[in-house]
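Taking it in order: structure first as structure tokens, then the write-up.
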Amino acid sequence: MEKYYRKVSNLEEPSTLLSSKKKSKLDNQNSKRTELDENSQSTELDKLLENLPSDPARRKRILDYDPNIRDQVRRHYLLKGPCQPRSHKFPQRDIYGTKRRFNSSWFDDHVEWLEYSIEKDALFCLCCYLFKPEHGDQGGSDTFTATGYNNWKNKQGVKDHVGTVGSVHNRALLHCQALMNQKQHLESLISRQVEVSKENYYTLLNASIDCVRFLLRQGLAFRGHDESEFSKNKGNFLELLEFLAEHNDSVKAVAFENAPRNLQLKSPSIQKDIINASAVETVNAIMCQMGDAPFSILVDEARDHSIKEQMAVVLRFVDAKGEVIERFVGIEHVQSTDAHSLKLAIDELLSRNGLSISNLRGQGYDGASTNFERK
1 MEKYYRKVSN
11 LEEPSTLLSS
21 KKKSKLDNQN
31 SKRTELDENS
41 QSTELDKLLE
51 NLPSDPARRK
61 RILDYDPNIR
71 DQVRRHYLLK
81 GPCQPRSHKF
91 PQRDIYGTKR
101 RFNSSWFDDH
111 VEWLEYSIEK
121 DALFCLCCYL
131 FKPEHGDQGG
141 SDTFTATGYN
151 NWKNKQGVKD
161 HVGTVGSVHN
171 RALLHCQALM
181 NQKQHLESLI
191 SRQVEVSKEN
201 YYTLLNASID
211 CVRFLLRQGL
221 AFRGHDESEF
231 SKNKGNFLEL
241 LEFLAEHNDS
251 VKAVAFENAP
261 RNLQLKSPSI
271 QKDIINASAV
281 ETVNAIMCQM
291 GDAPFSILVD
301 EARDHSIKEQ
311 MAVVLRFVDA
321 KGEVIERFVG
331 IEHVQSTDAH
341 SLKLAIDELL
351 SRNGLSISNL
361 RGQGYDGAST
371 NFERK
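First residue of the sequence shown? That's 1 in full-length UniProt numbering, and the numbers climb one at a time after it.
Right under this line is the structure:
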């Protein structure tokens with residue numbers, strides 16, 4: 001029976017796989033080749049822009065450039081500005097029996113577009129070079145774009161080139177301004193987007209800080225047992241932030257699903273950072289309130305749930321109104337509660353907060369399991 005049926009050879013499958021692999025390999029090669037072509041084109045364009053001649057007489061016609069890069073060439077020339085070699089020693093020429101030369105003060109009247117060619121000893125117009133029509137009756141004279149103007153006796157010729165409001169020169173000048181305003185418009189849009197992003201960030205950050213400050217003031221826990229999206233109780237911090245967003249449209253517009261997933265400012269690490277920053281600001285305010293006043297230090301031994309040795313520190317001082325003030329300034333972790341460990345921890349605390357031990361007037365170690373006062 002086998003001769004009536006053609007066997008399907010397993011060798012056909014590898015050929016199919018090989019063809020698909022070849023296709024994917026070719027696709028990868030084509031994509032890499034495209035990237036290389038784009039990079040090479042970008043490099044070539046950069047080199048072209050860097051090597052553009054400054055002297056108007058050495059430039060080729062703007063229409064001779066590729067249409068895809070023509071505006072970039074124009075923008076480069078406009079950013080660079082017209083060729084105005086003010087320090088150049090301009091040569092004299094005999095004009096109707098009188099020796100005359102170009103005067104650089106002419107640049108001051110037309111600083112945006114008037115150019116001088118050292119090679120031709122003549123004046124050119126940058127705007128007309130970039131945008132002057134090449135065909136039809138609207139093109140006007142080629143004096144300021146090709147041949148150059150060098151009648152140093154007649155300055156009026158430059159004013160005549162400018163012409164009236166609708167002249168070829170003024171239309172070219174408007175094209176130059178429009179080209180540069182395109183880039184400025186894009187830059188202003190990007191700048192505005194950055195400002196909006198900053199405002200949204202500050203709004204969301206202030207909302208998170210307000211929630212942290214409230215919970216710290218009330219001594220409430222932050223985290224919840226289940227902080228998932230559909231949890232009925234996500235913990236005090238997230239619930240309070242949701243409550244704030246529901247009653248404040250500006251917060252609602254930038255919080256939770258309206259914020260980027262990587263910038264929602266509600267993660268546990270963000271909460272800890274804000275708590276630590278609040279602690280630093282609180283201690284700094286206490287230090288400012290104390291100033292250089294004498295103080296006493298009160299130390300008490302404490303242990304947390306992990307049975308780590310801790311030292312609670314309170315400062316006691318008299319403020320400017322003559323009132324006795326006690327301020328809790330932090331909990332210091334110590335390896336043990338012996339006298340040496342406590343002394344090192346206290347020295348580090350005083351040094352960190354800029355307190356001088358010479359202002360220390362009293363010490364109290366209630367609850368500390370050591371005869372530290374004898375040390």
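Glycine included, each C-beta is placed from N, C-alpha and C at the ideal position.
Collapsed DSSP secondary structure at residue 329 in the structure displayed: strand
Option nearest residue 130 by Cα separation, candidates 93, 201, 174, 200: It is 174 whose Cα lies nearest to the Cα of residue 130.
Quick check on the DSSP output: what are the complete alpha helix (DSSP H) runs of length 4 or more inside the region 219-265, in order along the chain? 236-246, 249-252
Consult DSSP for residue 138 and reduce its assignment to one of helix, strand or coil. Caution applies to residue 138, whose pLDDT of 47 falls short of 50 and renders its modelled position unreliable; the model cannot decide the point.
Please report how far the alpha carbon of residue 292 lies from the alpha carbon of residue 233, in whole angstroms. 47 Å
In three-state terms, what does DSSP make of residue 92? coil
Quick check: what's the CA-CA separation for residue 355 versus residue 225? Taking the straight line joining both Cα atoms gives about 41 Å.
Would you tell me roughly how many angstroms separate the C-alpha atoms of residue 149 and residue 116, rounded to the nearest one? 9 Å
Which value, in whole angstroms, describes the spacing of the CA atoms of residue 289 and residue 201? Taking the straight line joining both Cα atoms gives about 32 Å.
Only counting the same chain, and skipping five residues up and downstream in sequence, which positions put a Cβ closer than 6 Å to that of residue 360? none
Pull up the distance between the alpha-carbon of residue 256 and that of residue 243, whole angstroms please. 12 Å
For residue 296, write down the residues that DSSP places opposite it in a beta bridge. Looking at the DSSP output, residue 296 shares a beta bridge with 316, 362.
Closest by C-alpha distance to residue 89, when choosing among 95, 103, 80, 97: Looking at the Cα atoms, 103 is the closest of the given residues.
When the Cα of residue 122 is compared with those of 144, 364, 111, which residue comes out closest? When each option's Cα is compared against that of residue 122, the closest is 144.
With distances taken Cα to Cα, identify the nearest neighbour of residue 113 among 156, 161, 336, 241. 161
Please confirm whether residue 327 and residue 298 have their CB atoms less than 8 Å apart. For residue 327 and residue 298, no; Cβs fall outside 8 Å.
Pair within 8 Å by beta-carbon distance, residue 78 and residue 180: yes
Taking C-alpha atoms, which residue in 287, 301, 302 lies nearest to residue 295? 287
Could you tell me if residue 138 is buried or exposed, where buried requires 16 or more neighbouring beta carbons within 10 angstroms of its beta carbon? The pLDDT assigned to residue 138 is 47, lower than 50, so where the model puts this residue is not dependable; a value taken from the coordinates is nonetheless given after this. Burial call: exposed.
Am I right that residue 83 and residue 105 are in contact with their C-beta atoms under 8 Å? What's the rounded C-beta distance? Their Cβ separation, rounded to whole angstroms, is 16 Å, which puts residue 83 and residue 105 out of contact at 8 Å.
Residues near residue 310 in its chain [Cβ-Cβ closer than 8 Å; skip 5 each side]: 301, 302, 303, 304, 331, 332, 333, 334
Separation of residue 81 from residue 386, as counted between CA atoms: Because the chain spans 1 through 375 in this model, residue 386 falls outside it and cannot be assessed.
Where residue 355 sits in the DSSP three-state scheme: coil
Collapsed DSSP secondary structure at residue 124 in the structure displayed: strand
May I have the straight-line CA-CA distance separating residue 124 from residue 258, to the nearest angstrom? 56 Å
Three-state secondary structure (DSSP) of residue 112: coil
If you drop the 5 nearest sequence neighbours on each side, which residues of the same chain put their C-beta closer than 7 Å to that of residue 357? 350
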